[in-house]
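Taken in sequence, the protein lines are chains A and B.
Here the first sequence stands for residues 264 to 682, where the numbers follow my numbering.
Here the second sequence stands for residues 2 to 92, where the numbers follow my numbering.
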Amino acid sequence: MGYVKGLKCRECARIYPVEAIYVCEYCFGSLEVDYDYDQLKKVVTKKRIESGPASLWRYRDLLPINGEPTVGFYSGFTPLVKANRLAEELGVREIYIKDDSSCHPTLSFKDRVVAVALSKAKEFGFDTVACASTGNLANAVAAHGAWAGLKRYIFIPHDLERAKVIGTLVYSPNLIMVRGNYDDVNRLCSEVAAKYHWGFVNINIRPYYAEGSKTYGYEIAEQLGWRTPDHLVCPAASGSLLTKIWKAFKEFHKLGLIDSVKTSLHCAQPAGCSPISDAILSKSESIRPVKPKTIAKSLAIGNPADGYYARDAVQQSGGTAGIASDQEIVEGIQLLARTEGIFTETAGGVTMAVTKKLIEQGKIRKDQSVVIAITGNGLKTQEAIQSTLTSALEIAPQLKSFEERVLKNTNAGAGLPRP
Amino acid sequence: MAITVRIPTPLQKLTRDQSEVSVVATTISGCIQALEQDYPGIKERICDEQGNLRRFVNVFLNEEDIRFLKKEQTPIKDGDEVSIVPAIAGG
């Protein structure tokens, strides 16, 4: 059974029923799922969670479905990697990588939100689901939707990375490439959603979809031994993930599962699209939309719908923000791969680069614990690093060739340019 | 200037269920005034007490966000299309 009281407007607090709606009729604020925390306090214990499945559904009491989950049985519950070599290189005592680059089945944290969204869409009786995406959401909706037997319409900007397009088409959805940027796609989709009775996971199913991101935060707390880290660096596109991680920590505290929430949350954005980081760093009242221009395409949302809430979460937590240039993003990807064997996409490069900066700036102290939020897999954004990689050594199939070309000329791990 | 305004679902109750209406205005702020005249109550949904557009209301003039133009002072010409769109997320 579910513990959802209803939907509530985040701006004016008006209450709405549990339906496929997402915006307040009175003030246009976004609607959020409201839970019966008094009941939840009686039901949710560490033991109950620990005895749940090894997936995001171990937290199902805190997720907005009534019946059994029907999608995403193997999603979530990703590794929290203790990053000792990275910590040594950055001169910090304790770093962890929350590694959703390995999330099942489409290798990004979107598998979490889609598992919840499609379970809810099925509860509402939708037979067709849809989304507007910068890539990861497209992959997740295409895959989970195939598994659930749903018709799918997926809208993307026309210039997404090849792996993301292939990684959507392979599941045989209807994939629509829009000649515009993500914000154009989103605006079109809001009009399509209004006209056709489809479950748009990021539009009319959004309040339920967004709750799936809390599981990223719950897992971090549980995997750290029921505590929160001193610092958490999180990438921001719409700002929803960052906001929901904060909500997750606060909920665990409210339910008595953790003693305190001592985390400083830091927002990481790319230089070509940093409206939230800009607002935080300049202490500005308003968030100014931008026209994105960055290699971090999964973060290329110029008008972030949760921007204000992400900013509020960062400020409440005493955190700050950082911005990474295209070059720093690439270096971030390589740093993480070289030290910890984790290949993340450009969004992860942003987060890694900003973490490094915050340490260098002294905003993260060397004796404090840090979690770096990695949200997607590097195979999806190969174009970004292709040109900066050293090439392999090519030899003839002879021992002599190997000894002359490889052993004589290399030190541990370094590649040679081609002759 | 006669323009078309696309009305989002949450506001259609106020425009007698029409998703597209016609008004005459020369700026975005004039357009809001004209909407209020024809469909009373609409202004208070999309504007705050000071009369400024609420932060979660997106207004587009011919597909361009007015925040990239002159915001409420953006001039409008005959045949232009204005869309009112609630904020949405994604990824």
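Backbone N, C-alpha and C define an ideal beta-carbon position, used for all residues, glycine too.
Touch test, the segment 314-329 of chain A against the segment 568-586 of chain A, Cβ-Cβ under 8 Å, three pairs minimum: No, because fewer than three Cβ pairs between the segment 314-329 of chain A and the segment 568-586 of chain A fall closer than 8 Å, the two stretches do not touch.
In the DSSP assignment, find the beta strand (DSSP E) that holds Ser503 (chain A) and state where it starts and stops. Segment 503-517 is the alpha helix (DSSP H) holding Ser503 (chain A); no beta strand (DSSP E) there.
Beta carbon proximity, Val60 (chain B) to chain A, threshold 7 Å: For Val60 (chain B), the answer is no, since every Cβ of chain A falls outside 7 Å of its Cβ.
Excluding sequence positions up to five away, which residues of its chain have a Cβ less than 6 Å from the Cβ of Ile648 (chain A)? The answer, listed in chain order, is Val593, Ile596.
How far does the beta strand (DSSP E) with His529 (chain A) in it reach, from first residue to last? That run of the beta strand (DSSP E) goes 527-533.
Taking 8 Å as the cut-off, does the segment 391-409 of chain A touch the segment 369-381 of chain A (at least 3 CB pairs, one atom from each stretch)? Here the segment 369-381 of chain A makes contact with the segment 391-409 of chain A; the two share three or more CB pairs at distances below 8 Å.
Taking only three categories from DSSP, how would you classify Arg7 (chain B)? In the structure shown, Arg7 (chain B) sits in a strand (DSSP, three-state: E or B).
Per DSSP, Ile439 (chain A) forms a beta bridge with which residues? In the DSSP output, where bridge partners are listed per residue, Ile439 (chain A) has A:Phe418.
Would Val307 (chain A) and Leu518 (chain A) be called neighbours here (beta carbons separated by less than 7 Å)? Contact: yes.
Between A:Ser547, A:His407, A:Ala457, which has its C-alpha nearest Gly584 (chain A)'s C-alpha? The sequence shown places Ala at residue 584 (chain A), not Gly. Among A:Ser547, A:His407, A:Ala457, the Cα nearest to that of Ala584 (chain A) belongs to A:Ser547.
Apply the 10 Å Cβ neighbour rule to Pro436 (chain A) and answer buried if 16 or more other Cβ atoms are within range, or exposed otherwise. Buried is the call here.
Give the C-beta separation of Glu608 (chain A) and Gly641 (chain A) to the nearest angstrom, bearing in mind that I take them to be a contact with Cβ-Cβ under 8 Å. Taking 8 Å as the upper bound for CB-CB distance, Glu608 (chain A) and Gly641 (chain A) are in contact here, some 5 Å apart.
Can you pull the DSSP bridge partners for Thr28 (chain B)? Note: Thr28 (chain B) is bridge-paired with B:Pro76 in the DSSP secondary-structure output.
Contact residues within the segment 554-573 of chain A, judged by C-beta distance below 8 Å to chain B: Flagged, chain order: Lys554, Ser561, Ile564, Asn566, Pro567, Ala568, Asp569, Tyr571.
Would you please state the rounded distance, in angstroms, between the beta carbons of Pro135 (chain B) and Val286 (chain A)? I believe it to be under 8 Å. This structure gives no information on residue 135 (chain B), because the portion of chain B shown stretches from 2 to 92.
Alpha carbon to alpha carbon, how far is Gly265 (chain A) from Leu451 (chain A)? Give it in angstroms, no decimals. A straight line joining the alpha-carbon of Leu451 (chain A) with that of Gly265 (chain A) spans about 33 Å.
Any contact of the segment 358-365 of chain A with the segment 337-344 of chain A, i.e. 3+ C-beta pairs under 8 Å? Flag = yes, the segment 358-365 of chain A and the segment 337-344 of chain A touch.
Burial state of Gly676 (chain A), where buried means 16 or more other Cβ atoms lie within 10 Å: With a pLDDT of 48 at Gly676 (chain A), under the threshold of 50, the predicted position of this residue should be treated as unreliable, and no value is reported.
Who pairs with Lys373 (chain A) in a beta bridge, going by DSSP? For Lys373 (chain A), no pairing in a beta bridge is given by DSSP.
Taking the DSSP output, what are the residues bridged to Leu54 (chain B)? DSSP, once it has assigned bridges, lists B:Cys48 as partnering Leu54 (chain B).
Okay, do the segment 465-480 of chain A and the segment 500-512 of chain A touch, 3+ Cβ pairs below 8 Å being the bar? Three or more Cβ pairs drawn from the segment 465-480 of chain A and the segment 500-512 of chain A lie within less than 8 Å of each other, which places the two stretches in contact.
Could you give the residue range of the beta strand (DSSP E) that holds Thr391 (chain A)? DSSP places Thr391 (chain A) in the uninterrupted beta strand (DSSP E) bounded by 391-395.
Quick one: list the residues of chain A neighbouring Thr5 (chain B), beta-carbon separation under 8 Å, in chain order. The premise fails here: Thr5 (chain B) is roughly 13 Å from chain A at the closest Cβ pair, so nothing lies under 8 Å.
Given a cut-off of 7 Å, decide if Leu528 (chain A) and Leu495 (chain A) are closer than it, judged by their beta-carbon atoms. Cβ atoms of Leu495 (chain A) and Leu528 (chain A): closer than 7 Å.
So with Cβ pairs under 7 Å, would you call Glu291 (chain A) a contact of chain B? Correcting the residue type first, residue 291 (chain A) is Phe in the shown sequence and not Glu. True, the Cβ-Cβ gap to chain B drops below 7 Å.
Contact with chain B by Ala457 (chain A), beta-carbon distance below 7 Å: Chain B contact via Cβ: present.
Kindly indicate which residue of A:Ala616, A:Ser654, A:Arg356, A:Leu504 has the alpha-carbon position closest to the one of Phe372 (chain A). Check the Cα spacing between Phe372 (chain A) and each of A:Ala616, A:Ser654, A:Arg356, A:Leu504: the tightest is with A:Leu504.
Could you check whether the segment 632-641 of chain A touches the segment 605-619 of chain A, counting it as contact only if at least three pairs of C-beta atoms, one from each stretch, sit closer than 8 Å? The segment 632-641 of chain A makes contact with the segment 605-619 of chain A: 3 or more CB pairs, one atom from each, lie closer than 8 Å.
Note down, one range per segment and in chain order, each alpha helix (DSSP H) of at least 4 residues found wholly within the segment 592-618 of chain A. With a minimum length of 4 residues, no continuous alpha helix (DSSP H) run stays inside the segment 592-618 of chain A.
Starting from the C-beta of Pro470 (chain A), find all residues in its chain whose C-beta is less than 7 Å away, skip the five residues before and the five after it, and write them out in chain order. Answer for Pro470 (chain A): Leu270, Tyr285, Leu294, Glu295, Val296, listed in chain order.
For Ala542 (chain A) and Arg574 (chain A), the rounded distance between their alpha carbons: Rounded to the nearest angstrom, the two C-alpha atoms are 8 Å apart.
Within the present structure, is the beta-carbon of Gln578 (chain A) separated from the nearest heavy atom of the ligand NAD by less than 6 Å? Of the ligands one can find in the structure shown there are none, so the ligand NAD has no counterpart to examine.
Please say whether Ile539 (chain A) and Val205 (chain A) have beta carbons closer to each other than 7 Å? No answer is possible for residue 205 (chain A): the residues shown for chain A start at 264 and end at 682.
Residue range of the unbroken beta strand (DSSP E) whose run includes Ile312 (chain A): Here Ile312 (chain A) belongs to no beta strand (DSSP E); instead the alpha helix (DSSP H) covers 309-313.
7 Å Cβ cutoff, Ala88 (chain B) in contact with chain A: For Ala88 (chain B), the answer is yes, since a Cβ of chain A falls inside 7 Å of its Cβ.
Sequence-distant residues of the same chain with beta carbon closer than 7 Å to Lys78 (chain B), five excluded per side: So the list reads Met2, once near-sequence residues are dropped.
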